[in-house]
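Numbering (our numbering), first residue to last: 25 to 134.
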Amino acid sequence: MNRLGTIFAKPGDAILLVTRRNGNVVAYAGILEVFDAAGRRNELQWPPATLEDEGGQAVVQNTAKGYNVIIIPELGPKSSIEARLSVGRQEPRDAKIETSETHGWSIIVL
Numbered sequence: 025m026n027r028l029g030t031i032f033a034k035p036g037d038a039i040l041l042v043t044r045r046n047g048n049v050v051a052y053a054g055i056l057e058v059f060d061a062a063g064r065r066n067e068l069q070w071p072p073a074t075l076e077d078e079g080g081q082a083v084v085q086n087t088a089k090g091y092n093v094i095i096i097p098e099l100g101p102k103s104s105i106e107a108r109l110s111v112g113r114q115e116p117r118d119a120k121i122e123t124s125e126t127h128g129w130s131i132i133v134l
């Protein structure tokens, strides 16, 4: 995964991922991986329509130790995806994805 950064969060913080397509984006999805204290992983998937309208949403749980917010794109020539990740009251993190590699942020729960 092409790591776009690490964010620290606390239980109760809202997570919001919003995207916008530019050009010939063939397909993509957003995934929220949740890791608990035992190292188990759960996933929540967001389709493009959700990410582009209201955004993929979740709340940091007190049982979670960390999260990965991932975008898996398949891009055509001269296309990109603009993404904005907001966590709690922190400044949003923006990224422009221009390759078909998996991209994402890590969230560490304090």
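Even for Gly, the Cβ is constructed at its ideal location relative to N, Cα and C.
Since the model is a prediction, treat every value here as computed from it, not as a measurement.
9 Å Cβ cutoff met for residue i and residue j
{"i": "Gln81", "j": "Ile39", "result": "yes"}
{"i": "Gly100", "j": "Ala33", "result": "no"}
{"i": "Leu41", "j": "Gly79", "result": "yes"}
{"i": "Gly128", "j": "Val93", "result": "yes"}
Cβ neighbour criterion (16 or more within 10 Å) applied to residue i
{"i": "Thr30", "result": "exposed"}
{"i": "Val50", "result": "exposed"}
{"i": "Asp60", "result": "exposed"}
{"i": "Arg71", "result": "The residue you asked about is not Arg; residue 71 is Pro in the sequence shown. When all chains shown are included, Pro71 counts as exposed."}
{"i": "Ala73", "result": "exposed"}
{"i": "Gly54", "result": "buried"}
For residue i, the nearest candidate out of the options (CA to CA)
{"i": "Gln85", "options": "Leu134, Pro71 and Met25", "result": "Leu134"}
{"i": "Ser104", "options": "Ile55, Leu68 and Asn48", "result": "Asn48"}
{"i": "Glu57", "options": "Thr43, Lys89 and Asp37", "result": "Lys89"}
{"i": "Glu76", "options": "Glu125, Gln114 and Asn46", "result": "Asn46"}
Per DSSP, cross-strand counterpart(s) of residue i
{"i": "Leu40", "result": "Gln81 and Ser110"}
{"i": "Pro97", "result": "Tyr52"}
{"i": "Leu68", "result": "Leu56"}
Distance between beta carbons of residue j and residue i, contact taken as under 8 Å
{"i": "Glu122", "j": "Thr43", "result": "Not really, about 13 Å apart at Cβ, beyond 8 Å."}
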